[in-house]
Amino acid sequence: MTGLLQPDHRGVSTDALLTVEDLSVGFPTDDGVVRAVRNVSYTLRPREVLGIVGESGSGKSVSSMAVMGLLPRTAKVTGSIRYRDRELVGLSYKDMQSVRNNGVAMIFQDPMTSLNPVYTIGWQLAEAYRAHHSVSKRTAWAKAIEALELVGIPQPDRRASQYPHEFSGGMRQRVVIAMAIINDPDVIIADEPTTALDVTVQAQILETLLRLRDEVDAAIVMITHDLGVVAGMVDRVQVMYGGTVVEAGPVEEIFDRPRMPYTVGLLGSLPNPARLGQRLTPITGAPPSLINLPAGCAFSPRCPLVIDQCRTSEPPLLATERGDHSTRCHRWQHLAGLNRPRELFEHEEIGVIENPAALVEADPDIPVATEAHTVELRLPQEGPSA
Ligand SMILES: Nc1ncnc2c1ncn2[C@@H]1O[C@H](COP(=O)(O)OP(=O)(O)OP(=O)(O)O)[C@@H](O)[C@H]1O
Ligand code: SF4
Ligand SMILES: [Mg+2]
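Counted the way our numbering counts, the sequence shown spans residues -13 to 372.
Shown next, in the form of structure tokens:
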């Protein structure tokens, strides 16, 4: 099966595991077609970690559900999704079953989606293993304990006999990761696996995923709405807006030289240690309707750099001055020439707040830089952790 693949110096193939090309997904509804994903492409090689970042509704989950073959039947999927040399678009549910878990596994945001409350953790893991291997129950149980140990669950042999409700949120999420890796997948898609967890546990879960990348040679797609989560974790970032990729490149490039105003806005809404106690500068306005997308650039109604051309023609995704960095913006060169691009969104800042903790207490949705955030934030200059 791997005969065509070229090994690198570690003996790991450098050829693509997953190739998504021009993927589009539409959902017909009474009000029109929801164009949830438009012309998304990416390639994932062994041990590579790709971050997919964007606001709620930008198509992150739908594009991944398309890879997993888990979209409702009504969804119209076009383009190509290749796992190794196998085309996945158009495969039957049954054929996809062999690719799921064995080849590409997904970790869902809510651990209870993947766990059955009435069975022990060990039983569920063992059954997941037996679904793809003809082994005895005893062997599968041993494999379950091994998987729990791999994701850092203490006393795995004792914990295997417990039920999901006996685990804390963070430990439950580790169990879900164990479930995803028990059949040794090549690709793990982690869809916001940490948002329901506190920041310390989030960091532990992300470290567990990175360790698995090294131990089982898996490639990872990390989906999040928070650019801060991917800093220091991923190799490449793909920023999504209105169902399509608006910027893509190596993580340092995206942080240091963003070439799309939306990415600049996302960076401005990250907690920044230098501005502790100040209100963050979120992008105002709402994401576009996916049924009636704006003509031209989907970000034009919210963009501080908008010009007439943006309202009539959608920019193509083109390489910037660096070939491995691309952007969908008519004005990326203008943006590149700005000394302080983050100031583009600063008119939205509302002065210095003396007691940010009280503000968060009053309204938890208000994004305010707090000490807790800045301590846990993995800043890009730390570099990818090993
Ligand atoms: N079955 C469906 N029918 C119609 N529209 C759908 C369906 N599933 C998803 N959508 C729409 O597709 C768009 C993209 O959804 P998706 O779940 O991919 O967003 P997301 O980027 O993962 O957001 P979040 O960060 O909130 O998880 C949304 O507008 C959503 O309402
Ligand atoms: S194309 Fe125009 S509206 Fe869109 S991001 Fe670039 S400058 Fe803004
Ligand atoms: Mg989602």
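Glycine included, every Cβ here is placed at the ideal spot set by N, Cα and C.
Query, Result
"Residue environment, residue 321, which counts as buried when at least 16 other CB atoms sit within 10 Å", "buried"
"Per-residue burial, residue 186 [other beta carbons within 10 Å of its own, 16 or more giving buried]", "exposed"
"Whole-Å CB distance - residue 112 paired with residue 126, under 8 Å assumed", "4 Å"
"Contact test: residue 41 Cβ vs ligand 3 heavy atom, cutoff 7 Å", "no"
"Closer than 8 Å to chain C by CB, residue 281", "Structure shown: chain C not included; a single protein chain is present."
"Endpoints, the alpha helix (DSSP H) within which residue 240 is located", "237 to 242"
"Ranges of the alpha helix (DSSP H) found wholly within the segment 251 to 336, counting only runs of at least 4", "294 to 298, 318 to 322"
"Proximal residues to residue 281 (C-beta, below 7 Å), its chain only, five neighbours per side dropped", "297, 298"
"Near ligand 1: residue 418 beta-carbon under 7 Å from a heavy atom", "A question about residue 418 goes unanswered here, because the residues of the chain that appear run from -13 up to 372."
"Closest by C-alpha distance to residue 222, when choosing among 24, 180, 206, 138", "206"
"Local Cβ density within 10 Å of residue 210, reported as buried at 16 or more and exposed below that", "buried"
"Strand pairing of residue 9, partner residues [DSSP]", "26"
"Range covered by the alpha helix (DSSP H) that runs through residue 101", "Run containing residue 101: none; DSSP gives neither H nor E here."
"Straight-line Cα distance separating residue 236 from residue 242", "10 Å"
"Beta-bridge partners of residue 168, as assigned by DSSP", "DSSP lists no partner for residue 168."
"Whether residue 382 touches residue 48 by CB criterion (8 Å)", "Because the chain is modelled from -13 through 372, residue 382 falls outside the range shown and cannot be assessed."
"Own chain, CB closer than 8 Å to residue 135, minus 5 neighbours either side, in chain order", "142"
"Helix, strand or coil at residue 246 [DSSP, three-state]", "coil"
"Whole-angstrom distance between residue 44 and residue 91, CA atom to CA atom", "22 Å"
"Pairwise C-alpha distance: residue 176 and residue 165", "12 Å"
"Closest by C-alpha distance to residue 82, when choosing among 94, 95, 93, 68", "68"
"Touch test, the segment 224 to 239 against the segment 272 to 290, Cβ-Cβ under 8 Å, three pairs minimum", "yes"
"Three-state secondary structure (DSSP) of residue 18", "strand"
"Inter-stretch contact (C-beta, 8 Å, three-pair minimum) for the segment 284 to 298 and the segment 307 to 317", "yes"
"7 Å CB neighbourhood of residue 374 in its chain, flanking five on each side removed", "Outside the shown range of the chain (-13 to 372) lies residue 374, about which nothing can therefore be said."
"Nonlocal neighbours in the same chain, by C-beta distance under 8 Å from residue 158, ignoring five residues either side", "97, 98, 101, 150"
"Identity of the residue in 203, 154, 310 nearest residue 167 by Cα", "203"
"Close-in-space but distant-in-sequence residues of the same chain around residue 213 (CB under 7 Å, 5 per side omitted)", "39, 252, 253, 256"
"Three-state secondary structure (DSSP) of residue 146", "coil"
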